[in-house]
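Residue numbers (my numbering): 680 to 910. Virtual Cβ for every residue (Gly too), placed ideally from N, Cα, C. This structure is a prediction, so every number in the text was calculated from the model and none was measured.
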Ligand code: SF4
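Structure (structure tokens):
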């Protein structure tokens, strides 16, 4: 089976396992950008705590921009790396305010896909994952963000080569219009089953498709998905 077909089958089985996932689409782009900055190199729980505290202390992004950096650091310290994150956050807000005259990313809606991506990637500390999250979930653009879970599970499955740049390798394999679902299903797989340490291959519906499982659990991989997953 080629990689495109494997990814289709993976998505079909994860939909059966986890149910349809539709969260996140239509979020405010600047809120998403800030949340994703807070999520870099930390857990979702820490990111959510830091974001909630930031919103509690500063009701608007204008208030964050005008606040002393030490106050912003205190608000987001639950996410870790708070000195670096607070400085990055204020740099990004300053750049948006200076260029657009307001704290909004609405102007990106008027740019072609690649120009909108290039603008976001020109912000300090913003990489492809963050830029593509904003474009996909904030604007419904056809980008496929790859986080640490997606990188790990697609490598284990053998869908992408470990030497390949994962965004470039995966984007052509994702059917247009399914980017958000594939992204969220693979992240859920990575969090709940295909964990970084001790992946739960015997409980995984993808074991018979997976190169990693074939090398570490050959008997289970030959048997196919756990019986309760077959529909
Ligand atoms: S079979 Fe194991 S390594 Fe492969 S995707 Fe499932 S949990 Fe991950």
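The beta carbon of residue 836 sits closer than 8 angstroms to the beta carbons of 685, 689, 885, 888, 889, 890 and 891 from its chain, once the five residues preceding and following it are set aside; these are given in chain order.
For a cut-off of 8 angstroms, the C-beta gap from residue 872 to residue 883 is around 5 angstroms, short enough to register as a contact. In terms of side-chain proximity, the C-beta atom of residue 811 is found no nearer than 8 angstroms to any non-hydrogen atom of the ligand SF4. Residue side-chain check: residue 694 keeps its Cβ at 8 angstroms or more from all non-hydrogen atoms of the ligand SF4. In the three-state DSSP reduction, residue 721 falls in the coil class, being neither helix nor strand. Residue 878 has its CB nearer than 8 angstroms to a heavy atom of the ligand SF4. Judged by DSSP secondary structure, residue 812 falls within the alpha helix (DSSP H) whose first and last residues are 807-812. Classified as buried, residue 858 has 16 or more neighbouring CB atoms from the shown chains inside 10 Å of its CB.
Within the same chain, 767 come within 6 angstroms of residue 804 by CB-CB distance, once the 5 residues on both sides are set aside.
Contact check for residue 863 and residue 823: beta-carbon distance about 11 angstroms, past the 8 angstroms limit, so the pair fails to qualify. In the DSSP assignment, residue 793 falls within the unbroken alpha helix (DSSP H) covering 792-800. Rounded to the nearest angstrom, the Cβ distance from residue 759 to residue 715 is 15 angstroms, too far for a contact under 8 angstroms. In this structure residue 808 touches residue 826 by the C-beta definition: roughly 6 angstroms separates them, less than 8 angstroms.
The segment 776-788 makes contact with the segment 737-757; the number of CB pairs closer than 8 angstroms reaches 3 or more. Short note on residue 875: C-beta not closer than 8 angstroms to any heavy atom of the ligand SF4. In this structure, residue 872 has its beta carbon less than 8 angstroms from a heavy atom of the ligand SF4. In this structure, the C-beta of residue 868 approaches the ligand SF4 to less than 8 angstroms from one of its heavy atoms.
Shown here for residue 725: same chain residues with a beta carbon closer than 7 angstroms to its own, the five before and five after excluded, namely 757, 758 and 759 in chain order.
In this structure, the straight-line span from the alpha carbon of residue 711 to that of residue 813 is close to 6 angstroms.
Around the beta-carbon of residue 831, 16 or more other beta-carbon atoms lie within 10 Å, marking it buried. If you keep only unbroken alpha helix (DSSP H) runs of at least 4 residues inside the segment 827-898, you get 827-836, 845-849, 858-871 and 890-895. Assignment of alpha helix (DSSP H) within the segment 744-791, counting only whole runs of 4 or more residues, yields 748-754 and 761-779 in chain order.
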